[in-house]
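Have a look at the structure below before the remarks.
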């Protein structure tokens, strides 16, 4: 399923209620709700991963800046941070 906004979800639920017997309706709505919950959790996980990656990158940059300030060789900074030579040179 693709991304659906809240009004579409309500409209879909109303359509199901009007067209299905109560037992089938309950099962379908439960299944759809489960899918939407899973979709939301997956989006949350992806957002958290992206935030974690940004935080790790910021920590690497902070370390590289400290190493540059004490005149550590660029090759050593690359080894310690995993940053590229180009990324480190931009910090100078």
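Residue numbers (the UniProt record's numbering): 1 to 92.
All C-beta atoms, glycine included, are put in the ideal place defined by N, C-alpha and C.
Does the beta-carbon distance from residue i to residue j come in below 8 Å?
| i | j | result |
| --- | --- | --- |
| residue 65 | residue 74 | no |
| residue 78 | residue 67 | no |
| residue 91 | residue 61 | yes |
| residue 29 | residue 42 | no |
Using the Cβ count rule (16 or more neighbours within 10 Å means buried), how would you classify residue i?
| i | result |
| --- | --- |
| residue 83 | buried |
| residue 7 | exposed |
| residue 15 | exposed |
| residue 70 | exposed |
| residue 47 | exposed |
| residue 1 | Per-residue confidence for residue 1 stands at a pLDDT of 45, beneath the threshold of 50, marking its modelled position as unreliable; the derived number appears in the next sentence. Residue 1 should be labelled exposed. |
| residue 10 | exposed |
| residue 88 | buried |
Just verifying my parser: in three-state terms, what is the DSSP assignment at residue i?
| i | result |
| --- | --- |
| residue 22 | helix |
| residue 92 | coil |
| residue 84 | coil |
Using only alpha-carbon positions, find the residue among the options that is nearest to residue i.
| i | options | result |
| --- | --- | --- |
| residue 5 | 81, 80, 40 | 40 |
| residue 56 | 11, 28, 12, 81 | 81 |
Under a CB-based cut-off of 8 Å, is residue i close to chain B?
| i | result |
| --- | --- |
| residue 12 | Structure shown: chain B not included; a single protein chain is present. |
* To do: Starting from the N-terminal side, write out each stretch of the alpha helix (DSSP H) that is 4 residues or longer and does not extend beyond the stretch 4 to 78.
  => Counting only runs that start and end inside the stretch 4 to 78, the alpha helix (DSSP H) elements of at least 4 residues fall at 6 to 19, 22 to 69.
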